[in-house]
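> Structure incoming, see below.
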Amino acid sequence: MKLPFRVTDASLRDGLEDFVLKRMHPEEVTRLGTLLDRVGFYSIDCWGGSTFYHALTGLAEDPWERLKRLRRAIRHTPLQMVVRGQMLVGFKPYQKELVRKFLAKAANLGMDIFRVYDQLNDLANMRPAIIMAKELRKEVEATVLYSRSPSVTMADYLRLAEDLINVGADTICINDSLGTMTPEQVASLVTTFKWHFHQSLRLHLHDSQRQAVEAYMVGVRVGAERVDTVMGPLVWSDCPPAAEQLVASVAGTVFDPQINLAALEAVTEYLQDLKAAHRYQEPAPRKTEDTSVEGYLPGLLKDYLREELRSRQARDRLQAAFKEAHRVWQDLGFPPLKGKVLEIVGDQALTNLWSDQRYEKLTEDMQDLIRGRYGSLYSIVDETLRHHALMLREKERNLPWEGRLRQPPGITQEEDILTYSLFPDEALHFFQHRDRKQAAAAAPKPTAPKPPAAPMTRLGQNMPRGLGLTLKGEEVGARLEAIGPLRGNKQTLFITIGDMTEEIEVTFLDSGDARPEYLVTFHGETHRLKIRKVFPKEEEYTPIFLEVDDKLEEFLIKHLHID
Amino acid sequence: MFKKVLVANRGEIAIRIIRACKELGLKTVSIYTEQDANALHITKADEAILVKPGPIAGYLDYEQILRVARWAGADAIHPGYGFISENWRFAHACEEGGIAFIGPSAQAIRAMGNKIRAREVMAEAGVPLVPGSPALQDEKEALDWAAQIGYPVMIKAKAGGGGKGMRLVHNDDQLCQGLAIARAEAKKAFGDEAVYLEKFIVHPKHIEMQIMADRYGRVIHLGERDCSIQRRHQKLIEIAPSLVLTPEKRQAMGEIACKAAQQIDYHTVGTVEFLVDRDLNFYFLEMNTRIQVEHTITEIITGIDIVQEQIRLAAGEPLRFRQEEVKFWGHAIQCRINAEDPRNNFFPSPGRITKYQSPGGIGIRIDGCVFGGYEVPPYFDPLLTKLCAWGLTWEEAVNRMARALDEYIIRGVKTTIPLYKKLLQDPEFRSGRYTTEYMERKITELTYEDVKEPYDIFYLAAATLFFEMNFFYKDGQE
Numbered sequence: 027m028k029l030p031f032r033v034t035d036a037s038l039r040d041g042l043e044d045f046v047l048k049r050m051h052p053e054e055v056t057r058l059g060t061l062l063d064r065v066g067f068y069s070i071d072c073w074g075g076s077t078f079y080h081a082l083t084g085l086a087e088d089p090w091e092r093l094k095r096l097r098r099a100i101r102h103t104p105l106q107m108v109v110r111g112q113m114l115v116g117f118k119p120y121q122k123e124l125v126r127k128f129l130a131k132a133a134n135l136g137m138d139i140f141r142v143y144d145q146l147n148d149l150a151n152m153r154p155a156i157i158m159a160k161e162l163r164k165e166v167e168a169t170v171l172y173s174r175s176p177s178v179t180m181a182d183y184l185r186l187a188e189d190l191i192n193v194g195a196d197t198i199c200i201n202d203s204l205g206t207m208t209p210e211q212v213a214s215l216v217t218t219f220k221w222h223f224h225q226s227l228r229l230h231l232h233d234s235q236r237q238a239v240e241a242y243m244v245g246v247r248v249g250a251e252r253v254d255t256v257m258g259p260l261v262w263s264d265c266p267p268a269a270e271q272l273v274a275s276v277a278g279t280v281f282d283p284q285i286n287l288a289a290l291e292a293v294t295e296y297l298q299d300l301k302a303a304h305r306y307q308e309p310a311p312r313k314t315e316d317t318s319v320e321g322y323l324p325g326l327l328k329d330y331l332r333e334e335l336r337s338r339q340a341r342d343r344l345q346a347a348f349k350e351a352h353r354v355w356q357d358l359g360f361p362p363l364k365g366k367v368l369e370i371v372g373d374q375a376l377t378n379l380w381s382d383q384r385y386e387k388l389t390e391d392m393q394d395l396i397r398g399r400y401g402s403l404y405s406i407v408d409e410t411l412r413h414h415a416l417m418l419r420e421k422e423r424n425l426p427w428e429g430r431l432r433q434p435p436g437i438t439q440e441e442d443i444l445t446y447s448l449f450p451d452e453a454l455h456f457f458q459h460r461d462r463k464q465a466a467a468a469a470p471k472p473t474a475p476k477p478p479a480a481p482m483t484r485l486g487q488n489m490p491r492g493l494g495l496t497l498k499g500e501e502v503g504a505r506l507e508a509i510g511p512l513r514g515n516k517q518t519l520f521i522t523i524g525d526m527t528e529e530i531e532v533t534f535l536d537s538g539d540a541r542p543e544y545l546v547t548f549h550g551e552t553h554r555l556k557i558r559k560v561f562p563k564e565e566e567y568t569p570i571f572l573e574v575d576d577k578l579e580e581f582l583i584k585h586l587h588i589d
Numbered sequence: 002m003f004k005k006v007l008v009a010n011r012g013e014i015a016i017r018i019i020r021a022c023k024e025l026g027l028k029t030v031s032i033y034t035e036q037d038a039n040a041l042h043i044t045k046a047d048e049a050i051l052v053k054p055g056p057i058a059g060y061l062d063y064e065q066i067l068r069v070a071r072w073a074g075a076d077a078i079h080p081g082y083g084f085i086s087e088n089w090r091f092a093h094a095c096e097e098g099g100i101a102f103i104g105p106s107a108q109a110i111r112a113m114g115n116k117i118r119a120r121e122v123m124a125e126a127g128v129p130l131v132p133g134s135p136a137l138q139d140e141k142e143a144l145d146w147a148a149q150i151g152y153p154v155m156i157k158a159k160a161g162g163g164g165k166g167m168r169l170v171h172n173d174d175q176l177c178q179g180l181a182i183a184r185a186e187a188k189k190a191f192g193d194e195a196v197y198l199e200k201f202i203v204h205p206k207h208i209e210m211q212i213m214a215d216r217y218g219r220v221i222h223l224g225e226r227d228c229s230i231q232r233r234h235q236k237l238i239e240i241a242p243s244l245v246l247t248p249e250k251r252q253a254m255g256e257i258a259c260k261a262a263q264q265i266d267y268h269t270v271g272t273v274e275f276l277v278d279r280d281l282n283f284y285f286l287e288m289n290t291r292i293q294v295e296h297t298i299t300e301i302i303t304g305i306d307i308v309q310e311q312i313r314l315a316a317g318e319p320l321r322f323r324q325e326e327v328k329f330w331g332h333a334i335q336c337r338i339n340a341e342d343p344r345n346n347f348f349p350s351p352g353r354i355t356k357y358q359s360p361g362g363i364g365i366r367i368d369g370c371v372f373g374g375y376e377v378p379p380y381f382d383p384l385l386t387k388l389c390a391w392g393l394t395w396e397e398a399v400n401r402m403a404r405a406l407d408e409y410i411i412r413g414v415k416t417t418i419p420l421y422k423k424l425l426q427d428p429e430f431r432s433g434r435y436t437t438e439y440m441e442r443k444i445t446e447l448t449y450e451d452v453k454e455p456y457d458i459f460y461l462a463a464a465t466l467f468f469e470m471n472f473f474y475k476d477g478q479e
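Protein chains in written order, with this note's numbering: chain A, 27 to 589; chain B, 2 to 479.
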């Protein structure tokens, strides 16, 4: 019997990022996979997208190992991943050879379904990935991103869907990552699609406005075949709705997707226990920006603009700057002003203010932003910006590339080469960290003074090892412990007085006199010494005049024969 | 409370923070660059992670530090002082990234990081300010402001701090010359060439107030520190409490400092710095939104562990003390033992420490990061250790410090120990009435001999004789 619709679980990719991608241990991910496998989902969307980069940089876990582990744990349910078109799992279009190799490796390791997606609905970016995934004989879904731009119409969505199907997509996915589609809009879109195309249709709606479940219900009634959900305990503000909620609302009706409810409950319980075991505290809800208020800007951005204008001596343009910054932010689709994004919006607003035309000049950072470097921009509302973003992409796509994949020294495993080709800096850091972990390096210990490297210089047979020195009535015994090799006119000696052995370096200077001069370095300080006169031996002592840093001292020296 | 803290710093402050965390039962992660591979702070933490590139950029790359913190599972980062401790972008990135920043909010750091803006904010709070100008656009504006303020004036960098990017001028010619140089210096040091003028208070004292605030609007002060012994605006010796402030003045300054903190919704710990003239009028200088090098002497006279309190406050706990519960007991002095040669213009003196013996006994505290055999690298701040002495009276504290300096043996590198030994004998220092120009004036008088230990001369003589005997008379002839 054909089921009314099927459910795909996206917990491992789209679920509570702070927990799934930053806290869960590998064994816990494996266990979750095993439990999800029993539920009867259509597929488990568990890899690609931002998980690759997060695994590498946040978890210090090899993303390929993560995939292998999931495949071992999930035996009965197809695995699904998100591919950002030719940008794969990164932020810029990669050369086709790398795209082919990456997709092939993922398929080889057990990936069954590739959902190709592009935040700008750029067909040119999605085409190579779709074609190559089809060549691997895998199921390919292609995404049509719902845009808030008022200039995008139903005809545009249909045209894009048609193009994607012509390229080879088996399924079309309607993706609303901002969660703004109303149930009516969903119904309208799905009906129109179903009217024009016979391919399967997936709905991937985020529940930010708490209307996704209703939208799903409406969508499946008019023909959508697949929907994406996340397990209840992993739901957050920016993801699909809870599976439990959806399944509960259709249980017993003609739209029942025949999910194993007991298995589903087991997953929920496991996740709840896991969060408790981690003592996981939900992050504080993000302060909602009241973007509907005309000209609203967060305080930090206002401060930033105020300062920039002060330094440009243009404080009279403050209000205009605020307005322009709001517009730029709006054009970008009100992304969260996290980290550098705030400065980028501010700088671009000021650049627009000083240009004849808005976006006549884009700052370097703004170009990076619209490339997706600082996180996905689900919909750039402004067409000019979107056009710029596509132009940048086109330029990058047409850059000449090296004939083969980059291979870092000492790295031979194919997966590592792929990782390195995607994110060279992060990969190197990760490899180093991995090597350290594997070697379980101990913390380095403080270095001790180096003993003489070469064998001891042979002393004369009758050469005394000990000297008694008397100065101003005080007598000490000095013992020669070891003597280093002669390096030109320099030699290191180890001398003990009392119980303290010290390292002393002596350099002999040929001053042309009968008696040489010496530079003696002791505890980093260098002193000049010269034996001025040696008197005849009196009893057992030999008096000598020794000049130390131009000061004459009289010593009485006695040989001490020490074995 | 946090579980694991990443210490984004090096040297003695990293060890200080690790110690505070250990006492609180928190795990610690330290970071180090390649050039610091033999540093002590690595061995004190539970984990140590290499950051790149060395020697310094790794400690400044906050995005890398955040990544490392996530890898290590740290839920809080303590930035120490210097490096990224007053980088508002870093604090903002921590806030956004869900990792606690042990310090105030990004907004507060930003407000106080810009020296001109800080003055404006303080003026709004009714904090007395040194007469000054806004950021200068050109020479003419500078000359106009200088005429208004009255010479001598100080040219200061808007984004500066820690005594860098400052220039004193006495007339129009010097101002015109100094302006260009100050801009260039500021651009190099802070990436921002904006400068402003401030009246130079003649012979002031540099007195700062330690404040502590929680997230619930409560602020207290922990008394003052007198940091007037400075050379080129780098502090050398600090004392607590100051010998010139009356209890009323202390209270007034403390209240103003708390008000300043409240003005910017400050929390955790910070220091409000003032200049104090001969008549004990005080003027806001700047606010440091981090733990200070000299926090130690305040800890000694109050008995409050400031670093621990800072961590607690960052974790959202309320202040544990009321103002009336803060008591001051005795006097404390701190000497910064730097690897510098005071006789050679304080030239840095890196190298291997061939002998290290630290002093001890009642009332002595050492916060250090060196040991016998340690290679002092040339890339970083030359601070080796901080030596503190406490006494019931000022006299006792000074004598104790003198005794400790006598006991302290650090050989292989030049240090400031001999200079301090000489300085502590100076009656002007002992009177406590010195001002910020004291060091510049006295430095030429404070001469001292080389560091010597009793048996040095015997070692030198023995080495010379053994060498000669071996070199010239190998077959044993005499």
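We treat Cβ as the ideally placed atom computed from N, Cα and C, and that holds for glycine. All figures in this text were calculated on a predicted structure; none of them were measured in a lab.
#1: Hey, would you say B:Val273 sits closer than 9 Å to B:Met213, going by beta carbons?
#2: Could you tell me which chain B residues have their CB closer than 7 Å to the CB of A:Phe449, listed as they occur along the chain?
#3: List the endpoints of the continuous beta strand (DSSP E) containing B:Ile307.
#4: Check whether the segment 8 to 18 of chain B and the segment 510 to 522 of chain A touch, using three or more Cβ-Cβ pairs below 8 Å as the test.
#5: In chain B, what lies closer than 7 Å to A:Val546 by C-beta?
#6: By Cβ distance, which residues of its chain are closer than 6 Å to B:Ser359, with the 5 residues on each side in sequence left out?
#7: Run the proximity test for B:Leu447: is its beta-carbon closer than 8 Å to any non-hydrogen atom belonging to the ligand PLP?
#8: Beta-carbon of B:Lys116 versus every beta-carbon of chain A: anything under 9 Å?
#9: Opposite A:Lys584 in the DSSP bridges: which residues?
#10: Taking CB distances under 9 Å as the criterion, tell me whether A:Met526 reaches chain B.
#11: Mapping DSSP to helix, strand and coil, what is A:Ala468?
#12: For the segment 350 to 378 of chain B, list every residue whose C-beta sits within 9 Å of some C-beta in chain A, in sequence order.
#13: In the DSSP output, which residue or residues are listed as bridge partners for B:Arg321?
#14: Go ahead and pull the three-state DSSP assignment for B:Cys22.
#15: State yes or no: is the beta carbon of B:Arg404 nearer than 9 Å to at least one beta carbon in chain A?
#16: Quick one: which residues of the segment 195 to 224 of chain B get their C-beta closer than 8 Å to a C-beta of chain A? List them in chain order.
#17: For a contact meaning CB atoms closer than 9 Å, what does B:Trp330 contact in chain A?
#18: A:Glu566 CB to nearest chain B CB: under 9 Å?
#19: Quick one: grab the DSSP three-state call for A:Arg336.
#20: Would you tell me roughly how many angstroms separate the C-alpha atoms of B:Glu396 and B:Lys260, rounded to the nearest one?
#21: Step through the CB atoms of chain A and report whether any lies within less than 9 Å of the CB of B:Ile301.
#22: Would a check of beta-carbon distances place A:Ala86 closer than 9 Å to chain B?
#23: Taking a Cβ distance cut-off of 9 Å, strictly less, list which residues of the segment 406 to 434 of chain B are near chain A, in chain order.
#24: Is the beta carbon of B:Gln324 closer than 9 Å to that of B:Ile221?
#25: Measuring CA to CA, which of B:Gly433, B:Gly74 and B:Ala40 is closest to B:Leu27?
#26: Strictly below 8 Å CB to CB, what residues from chain A border B:Phe468?
#27: A:Met158 lies in the alpha helix (DSSP H); which residues open and close that run?
#28: Rounded to whole angstroms, what is the Cα-Cα separation between A:Arg484 and A:Leu512?
#29: DSSP three-state label for B:Ala158, please.
#30: Enumerate in chain order the residues of its own chain whose CB-to-CB distance from B:Leu61 is below 7 Å, with the five nearest sequence positions on each side excluded.
#31: Going by DSSP, what residues sit across from A:Ser268 in a beta bridge?
#32: According to DSSP, A:Gln517 sits in a beta bridge with which residue or residues?
#33: When you compare the CB positions of B:Asn115 and A:Glu333, do they come within less than 9 Å of one another, or not?
#34: Whole angstroms are fine: how far does the CA of B:Arg71 sit from the CA of A:Phe78?
Result, derived from the coordinates:
#1: By one-based count along the second sequence, residue 273 of chain B stands at place 272. By one-based count along the second sequence, residue 213 of chain B stands at place 212. Contact flag unset, no.
#2: Reading the first sequence from its first residue, position 423 is the one you call residue 449 of chain A. Residues of chain B passing the Cβ test: none, with the nearest at roughly 12 Å.
#3: Position 306 of the second sequence, counted from the start, is the residue given in the question as residue 307 of chain B. Element bounds for B:Ile307: not the beta strand (DSSP E) but the alpha helix (DSSP H), Ile307 to Ala315.
#4: no
#5: Translated into the one-based positions of the first sequence, residue 546 of chain A becomes position 520. Going along chain B in sequence order, the residues near A:Val546 (Cβ under 7 Å) are Leu461, Ala464 and Thr465.
#6: Counting from one through the second sequence, the residue named residue 359 of chain B turns up at place 358. Only Ile367 meet the Cβ criterion.
#7: Inclusion of the ligand PLP in the displayed structure is not the case, the ligand content being empty and no account of it being possible.
#8: Your numbering for residue 116 of chain B matches position 115 in the second sequence. By this cut-off, B:Lys116 is not an interface position.
#9: Here residue 584 of chain A corresponds to residue number 558 of the first sequence, with the count starting at 1. According to DSSP, which records beta bridges pairwise, A:Lys584 is partnered with A:Gly494.
#10: Counting from 1 along the first sequence, the entry for residue 526 of chain A is found at position 500. With 9 Å as the cut-off, A:Met526 counts as an interface residue toward chain B.
#11: Counting from one through the first sequence, the residue named residue 468 of chain A turns up at place 442. Here the model assigns A:Ala468 a pLDDT of 45, short of 50, so the residue's position is not dependable, and the following value carries that caveat. Correct three-state label for A:Ala468: coil.
#12: So the close ones are Ser350, Gly352, Arg353, Ile354, Thr355, Lys356, Phe372, Gly373, Gly374, Tyr375 and Glu376.
#13: One-based indexing of the second sequence puts residue 321 of chain B at position 320. Answer is none; B:Arg321 lacks a bridge partner.
#14: The residue labelled residue 22 of chain B in the question sits at position 21 within the second sequence. Here B:Cys22 sits in helix by DSSP.
#15: Position 403 of the second sequence, counted from the start, is the residue given in the question as residue 404 of chain B. Chain A, which has no Cβ nearer than 9 Å to the Cβ of B:Arg404, makes this no.
#16: Ala195
#17: Numbered from 1 along the second sequence, position 329 holds the residue referred to as residue 330 of chain B. Here the premise fails: no neighbours, minimum Cβ distance about 37 Å.
#18: Here residue 566 of chain A is taken as the residue at index 540 of the first sequence, counted from 1. Output row for A:Glu566: interface = no.
#19: Taking the first residue of the first sequence as 1, we reach residue 336 of chain A at position 310. Helix at A:Arg336.
#20: In the second sequence, the residue the question calls residue 396 of chain B occupies position 395. In the second sequence, the residue the question calls residue 260 of chain B occupies position 259. Looking at the backbone, the Cα of B:Glu396 and that of B:Lys260 are separated by about 34 Å.
#21: Position 300 of the second sequence holds residue 301 of chain B. So, not an interface residue.
#22: For the purposes of this step, residue 86 of chain A is taken as residue 60 along the first sequence, with counting starting at 1. Yes - at least one Cβ of chain B is within 9 Å of the one on A:Ala86.
#23: Arg412, Gly413, Val414 and Lys415
#24: Residue mapping note: residue 221 of chain B aligns to position 220 of the second sequence, counting from 1. Residue mapping note: residue 324 of chain B aligns to position 323 of the second sequence, counting from 1. In this structure, B:Gln324 lies closer than 9 Å to B:Ile221 by Cβ.
#25: Numbered from its first residue, the second sequence carries residue 27 of chain B at position 26. For the set B:Gly433, B:Gly74 and B:Ala40, the Cα lying nearest the Cα of B:Leu27 is the one of B:Gly74.
#26: Sequence index remark: in the second sequence, residue 468 of chain B carries index 467 (1-based). Ordered by position in chain A, the residues that pass the 8 Å Cβ test against B:Phe468 are Gln517, Leu519, Val532, Phe534 and Tyr544.
#27: Within the first sequence, residue 158 of chain A is the residue found at index 132, counting from 1. Leu149 to Glu161 is the span of the alpha helix (DSSP H), which, as asked, contains A:Met158.
#28: Your numbering for residue 484 of chain A matches position 458 in the first sequence. Your numbering for residue 512 of chain A matches position 486 in the first sequence. For A:Arg484, the predicted structure reports a pLDDT of 48, less than 50, and the residue's modelled location is therefore unreliable. A value from the coordinates is still provided. Rounded to whole angstroms, A:Arg484 to A:Leu512 spans 11 Å at the Cα level.
#29: On the second sequence, residue 158 of chain B is found 157 positions in, with the first residue counted as 1. It is a strand residue.
#30: To locate residue 61 of chain B, count along the second sequence from 1; it is residue 60. For B:Leu61, where only same-chain residues beyond five positions count, the Cβ hits under 7 Å are Phe84 and Ile85.
#31: Here residue 268 of chain A corresponds to residue number 242 of the first sequence, with the count starting at 1. The identity of residue 268 of chain A in the sequence shown is Ala, whereas the question assumes Ser. A:Ala268 has A:Val256 as its beta-bridge partners, per DSSP.
#32: The count along the first sequence starts at 1 and reaches residue 517 of chain A at position 491. When DSSP reads this structure, A:Gln517 sits in a beta bridge with A:Val532.
#33: In the second sequence, residue 115 of chain B corresponds to position 114, counting from 1. In the first sequence, residue 333 of chain A corresponds to position 307, counting from 1. Against a cut-off of 9 Å, the Cβ pair of A:Glu333 and B:Asn115 comes out as a contact.
#34: Along the first sequence, one-based indexing puts residue 78 of chain A at 52. Along the second sequence, one-based indexing puts residue 71 of chain B at 70. Distance between the alpha carbons of A:Phe78 and B:Arg71 is about 15 Å.
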